[in-house]
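The block underneath contains the structure these notes are about, expressed in structure tokens.
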Amino acid sequence: MKPLLKKWAIILRAYSWPASLVPVVLGSVIAARAGRFAWGDFVLTFLAALAVHSAANLANTYFDFKRGVDKKETADDRGLVDGLMTPRNMLLTALGLFAAGGGIGLLLVFKNGVPELFWLGAAGFALAWFYTGTGFAYKYRTLGDVGIFFAFGPFIVSGTALIQARAFVPEALWASIPVGLLIVGILHANNMRDVKGDGEARFATLAIALGPSAALKFYYALIFLPYAFTLTLGSVWPPVFCALSAPLAVKLKERAARGEFSPLVPETARLVAVFGLLLSLGLYIAA
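Last residue of the sequence shown? That's 290 in the working numbering, and every number before it is there in order.
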């Protein structure tokens, strides 16, 4: 059983799940502050976010493998290069998870009477699929950071609050910004790690466009600006709680400065989890 779980954790890139699950928690807390929260809606939103995020990870792995970006000798994403799954099965699994996430989303649209969620979800699906899918692949046109910020920041946080509150909650949009920046940090760490392979494939990520020095500075901004942003959330508790995670951010800065980009990716995801949960706790106490 343990080897099977490990295999699927590698295939689905489970280390990255905080990027979708933390925004669901944050959006739910913000809705609770507005007086609306239902555990059933929370569980359904949680499952939908997990399904779509996992589907996007699989699609990304599939398209990068088909384009020759991921090679057995150098790839950190080991799902296909190590033969843990065939490309065909990976694509079918991705499509199945997209369908499952979409089905849950439609259920929430009709059950809660929030047609706005349909358009928000459609935009999120487009960002997930076109990230590396089809000929456009906006990740490789220096647009990946922008797409990831909106998909995992404002879209999931405000979408979750919309599901719970049955109305748009402006606070959700504002509170999503620090978490969105940190989640972009996961992607940027990944792109700094993959500069050589992406460059050989003639793909343009922001890490390549900025160059080594500026790319590092951008990463530092992504992991430290969220702490400053918590000061704008109208209560002392969010910055106080989030400050508890600052030592993790300092360690990430030190790793990045040493060029240790492979471990930087999952460790940035860990910072997202810790910071995001502390932010949610701070906002909940401040209610």
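We treat Cβ as the ideally placed atom computed from N, Cα and C, and that holds for glycine.
For residue i, which residues of its own chain have a beta-carbon under 7 Å away from its beta-carbon, when the five flanking residues on both sides are left out?
| i | result |
| --- | --- |
| Leu2 | Since the displayed the chain opens at 4 and closes at 290, residue 2 lies outside it and no answer follows. |
| Val112 | Pro118, Leu120, Phe121 |
| Ala276 | Pro21, Val25 |
Give me the Cα-Cα distance between residue i and residue j, rounded to the nearest whole angstrom.
| i | j | result |
| --- | --- | --- |
| Gly127 | Val160 | 12 Å |
| Thr48 | Lys114 | 13 Å |
| Phe158 | Lys75 | 35 Å |
| Ala97 | Val239 | 42 Å |
| Ala12 | Tyr143 | 25 Å |
| Gly150 | Ile186 | 11 Å |
| Val55 | Pro21 | 13 Å |
| Leu109 | Arg261 | 46 Å |
| Thr145 | Phe206 | 9 Å |
| Phe153 | Leu247 | 26 Å |
| Asp201 | Gly71 | 10 Å |
| Ala103 | Arg273 | 26 Å |
| Asp44 | Ala204 | 43 Å |
| Trp42 | Ala212 | 44 Å |
| Gly38 | Ser216 | 46 Å |
| Leu184 | Ala259 | 17 Å |
| Cys245 | Leu165 | 25 Å |
| Ser19 | Leu53 | 10 Å |
| Ala192 | Gly214 | 13 Å |
| Thr89 | Ala17 | 19 Å |
| Ala316 | Gly136 | Outside the shown range of the chain (4 to 290) lies residue 316, about which nothing can therefore be said. |
| Asp67 | Gly105 | 24 Å |
| Ala129 | Leu284 | 31 Å |
Got a sec? Which residues, its chain only, sit under 8 Å from residue i by beta carbon, not counting five neighbours each side?
| i | result |
| --- | --- |
| Arg196 | Asp79, Phe264, Ser265, Leu267, Val268 |
| Gly147 | Tyr134, Tyr141, Leu190, Asn194, Thr208, Leu209 |
| Ala249 | Tyr230 |
| Leu219 | Met195, Ala259, Ala260 |
| Val182 | Val25, Pro26, Leu29, Phe155, Gly156, Val160, Pro229, Val275, Phe278, Gly279, Leu282 |
Within 10 Å of its beta-carbon, does residue i have 16 or more other beta-carbons around it, so buried, or fewer, so exposed?
| i | result |
| --- | --- |
| Gly188 | buried |
| Asp85 | exposed |
| Lys9 | exposed |
| Ala178 | buried |
| Arg91 | exposed |
| Gly116 | exposed |
| Ala252 | buried |
| Leu225 | buried |
Just checking my contact of residue i with residue j at CB under 8 Å: how many whole Å lie between their CB atoms?
| i | j | result |
| --- | --- | --- |
| Phe232 | Ile180 | 6 Å |
| Gly279 | Val46 | 18 Å between Cβ atoms; not a contact. |
| Leu94 | Tyr65 | 5 Å |
| Leu255 | Glu270 | 6 Å |
| Ala58 | Ala131 | 7 Å |
| Leu61 | Leu15 | 7 Å |
| Gly162 | Leu123 | 5 Å |
| Val172 | Ala34 | 6 Å |
| Leu286 | Leu236 | 7 Å |
| Ala170 | Gly30 | Not confirmed; about 13 Å, so no contact. |
Below 6 Å CB to CB, which residues in the same chain sit around residue i once its five sequence neighbours on both sides are set aside?
| i | result |
| --- | --- |
| Pro242 | Thr233, Leu234 |
| Asp73 | Asp67, Asp80, Val84 |
| Tyr222 | His191, Ala259 |
Does any residue of chain C have a CB that is nearer than 7 Å to the CB of residue i?
| i | result |
| --- | --- |
| Trp132 | Absent from the structure: chain C. Only one protein chain is present. |
**Prompt:** Fully enclosed by the segment 203-268, which alpha helix (DSSP H) runs are 4 residues long or longer?
**Reply:** 209-213, 215-232, 240-245, 249-260
**Request:** Could you tell me which uninterrupted alpha helix (DSSP H) segments, each at least 4 residues in length, are contained entirely in the segment 58-119, listed from first to last along the chain?
**Result:** As far as the segment 58-119 is concerned, its whole alpha helix (DSSP H) runs of at least 4 residues are 90-115.
**Asked** Which runs of the alpha helix (DSSP H) spanning at least 4 residues fall entirely within the segment 114-184, listed in chain order?
**Response** Listed in chain order, they are 119-132, 147-153, 159-168.
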